[in-house]
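First up is the structure itself, then whatever we jot down about it.
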Amino acid sequence: MSKDIVQAYFDAFNARDIDGMLACLHDDVAHHVNEGKVRIGKTAFAEFCAHMARCYDETLTEMVLFEAEGGARAAAEYMVNGTYLETDPGLPEARAQGYRLPAGSFFSIRDDRIARVVTYYNLADWIRQVS
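Start counting the sequence shown at 1; every next residue gets the next number (full-length UniProt numbering).
Structure below.
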C-alpha cells in the first residue's frame with residue numbers, strides 16, 4: 001500500500017531520521033523541490049536533507065494522506081511548523097524566526113518504494129513570515 005511507505009517517510013521526517021527517509025526511497029528517486037532543480041538519486045536527496053536540517057527545524061502536522069487506486073501514486077497535505085535556523089543563500093537572514101505554512105507533496109511508487117517526490121508550498125508566504 002503506497003500510503004504505508006509515504007507514512008513511513010513522513011514519520012522519519014518528523015523524527016529527523018534521514019536514513020529512515022532514505023530507506024523509503026527508490027535508488028533513482030526523482031526529487032522535485034519547490035523553486036529548485038530536480039535531484040536524482042539517494043545521494044542527492046541525502047545532501048538536500050543535510051542542508052535543510054542545517055537551515056530549518058521543521059515538524060509536519062495536520063497530515064492527510066491520499067492514495068490513487070492501484071497504489072502507484074499518493075499525495076499528502078500538511079502544515080509545516082518550522083524555525084529558520086541558518087540563512088539559506090538567496091533568502092532572508094535567519095534569526096530563529098518561526099513559521100507555519102501549508103504544503104503538499106505528490107509521490108510515485110515503484111517496487112514498494114518512493115520513486116518520485118514533488119513538494120509544493122507558497123514561497124512568498126514563507127518569505128513574508130520570516131522577513
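Yeah, the Cβ is synthetic: ideal placement off N, Cα and C, and Gly gets one too.
Exposed unless 16 or more other CB atoms sit within 10 angstroms - verdict on I109: Burial of I109 is indicated by the presence of at least 16 other C-beta atoms within 10 angstroms of its C-beta.
Helix, strand or coil at S2 [DSSP, three-state]: DSSP places S2 within a helical segment (H, G or I) once states are collapsed to three.
Extent of the continuous alpha helix (DSSP H) run through R39: Looking at the DSSP string, R39 is not in any alpha helix (DSSP H); the run it does join, the beta strand (DSSP E), is V38 to I40.
Through-space distance from Y121 to L91, alpha-carbon basis: Linking L91 to Y121 through their CA atoms gives a straight-line distance of about 15 Å.
Sufficient close CB pairs (3 or more, under 8 Å) joining the segment 50–64 to the segment 78–89: yes
Option nearest Q97 by Cα separation, candidates D112, F45, W126 and G41: W126
Neighbourhood of D123 by C-beta, 6 Å cutoff - its chain only, sequence neighbours within 5 removed: With the sequence shown as reference, residue 123 is identified as Leu, and Asp is not the correct amino acid for it. Same-chain partners within the cutoff: E35.
Candidates I18, A30 and G20, of which the one nearest G41 by Cα: A30
Residue(s) in a DSSP beta bridge with T61: M79
R54 (DSSP reduced to helix, strand or coil): helix
Cβ-based burial, S131 [other Cβ within 10 Å; buried from 16]: So S131 ends up on the exposed side.
Buried or exposed by the 16-neighbour rule on C-beta atoms within 10 Å, applied to A15: Label assigned to A15: exposed.
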